[in-house]
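Scroll down for the structure; my scribbles are underneath it.
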Ligand code: DAH
């Protein structure tokens, strides 16, 4: 009996070593160790043996079973690893590569990129960033900014009023802010002069066409200190224009009107798309329309009436003066990257968006 167990074990060991697949190995396991297989049968017969043989035969049979099980396990692990290897090689799969399809982690929207570039320029000039609410009191959006009671921007046709707080002549009415300028007032209430802040943020108007969307972004600037003049405004905007549109740029100020600045100006940057209004191919420049100047923002010297709304915070127009400016972030991005239609920024078409950054 011991002989046949030993023989069986030797046969099984040879077959296990020769197995070439995990399926083949499983078949060997069933044949030698399965419930109806030879070795368990032999083990079951042990109890019928004469008492003096039982111990030894049982021991040999049991040892063989344990040894074969261990052998099968280790051969199984070898075969599994080999099969995985060959699947990986055959499939050309490198598990260390990024997933497929290869999704990029994404990129910043061009408006965010442009906003951050502008912030960097003005932070470099010593300005700090201030923020304010997008749902704003009429008092801040219009009244404290010296808008006449009949100013057309106050009308429902131009401005989104919050339902239930929409009496256009009440300073406590609520609007979606139409510009970032109300944060001038909030910033001055929070900080005595000198103050140098920029205010990036979303603004809202009842407008919709190729160059207007109901929501867009502005960046406001405010500098108040002793002795600030229009020359400081021009120097600051020249630095901004050169950082944004190239070192050769010039700026020009044209007289304009805004309720909260006096004098007020519109600011143009010299065209970066042509020379003397003519493009390389000889046609009239499509960016400056041949004028050599491109309008980029509104600005001016802070109106003393505006200081009147924050006089208790240290803003005495006899002692301090200031400049302010406001630009459209979309407009800067459109000019810089030749984006023909403002609505492209908000359609979320990745074919457009992924061109930038
Ligand atoms: N708030 C103005 C607008 O939305 C832009 C502007 C003009 C801001 C002149 C200013 C400024 O600070 O001084 O059209």
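Residue numbers (this note's numbering): 99 to 455. Glycine included, C-beta positions come from ideal geometry on N, C-alpha and C.
For residue i, the three-state DSSP class (helix, strand or coil)
{"i": "residue 435", "result": "helix"}
{"i": "residue 396", "result": "strand"}
{"i": "residue 207", "result": "coil"}
{"i": "residue 340", "result": "helix"}
{"i": "residue 289", "result": "coil"}
{"i": "residue 92", "result": "In this structure the chain extends from 99 to 455, so residue 92 is not present and cannot be described."}
{"i": "residue 411", "result": "helix"}
{"i": "residue 274", "result": "strand"}
{"i": "residue 237", "result": "helix"}
{"i": "residue 196", "result": "coil"}
{"i": "residue 316", "result": "strand"}
{"i": "residue 300", "result": "strand"}
{"i": "residue 323", "result": "strand"}
{"i": "residue 295", "result": "strand"}
{"i": "residue 266", "result": "coil"}
Contact belief for residue i with residue j at Cβ below 8 Å, rounded distance in angstroms
{"i": "residue 357", "j": "residue 398", "result": "Not confirmed; about 10 Å, so no contact."}
{"i": "residue 281", "j": "residue 230", "result": "4 Å"}
{"i": "residue 418", "j": "residue 324", "result": "6 Å"}
{"i": "residue 258", "j": "residue 235", "result": "That belief does not hold up - the Cβ atoms of residue 258 and residue 235 are roughly 14 Å apart, past 8 Å."}
{"i": "residue 100", "j": "residue 167", "result": "Not really, about 19 Å apart at Cβ, beyond 8 Å."}
Residue i Cβ short of 6 Å to the ligand DAH heavy atom set
{"i": "residue 359", "result": "yes"}
{"i": "residue 356", "result": "yes"}
{"i": "residue 245", "result": "no"}
{"i": "residue 277", "result": "yes"}
{"i": "residue 396", "result": "yes"}
{"i": "residue 422", "result": "yes"}
The beta strand (DSSP E) enclosing residue i, as first and last residue numbers
{"i": "residue 362", "result": "359-368"}
{"i": "residue 424", "result": "419-426"}
Where the alpha helix (DSSP H) containing residue i begins and where it ends
{"i": "residue 153", "result": "149-189"}
{"i": "residue 114", "result": "100-116"}
{"i": "residue 352", "result": "Note, residue 352: premise wrong, no alpha helix (DSSP H); beta strand (DSSP E) at 349-356."}
{"i": "residue 143", "result": "136-143"}
{"i": "residue 405", "result": "402-406"}
{"i": "residue 450", "result": "448-451"}
7 Å Cβ cutoff, residue i in contact with chain C
{"i": "residue 354", "result": "The structure shown contains no chain C, having only a single protein chain."}
Check whether the segment 335-347 touches the segment 361-368, taking contact to mean three or more Cβ pairs, one atom from each stretch, closer than 8 Å. The segment 335-347 is in contact with the segment 361-368.
Decide if the segment 134-148 is in contact with the segment 159-166; the criterion is three or more beta carbon pairs, one per stretch, under 8 Å apart. Yes, the segment 134-148 touches the segment 159-166.
Count the C-beta pairs between the segment 304-318 and the segment 247-267 that are closer than 8 Å, then say yes if the count reaches three, no if not. yes
Can you find at least 3 beta carbon pairs, one from the segment 260-273 and one from the segment 210-224, that sit closer than 8 Å? The segment 260-273 is not in contact with the segment 210-224.
Inter-stretch contact at 8 Å, needing at least 3 Cβ pairs: the segment 288-301 / the segment 322-338: yes
Between the segment 236-250 and the segment 204-211, can you find at least three pairs of beta-carbon atoms closer than 8 Å? No, the segment 204-211 does not touch the segment 236-250.
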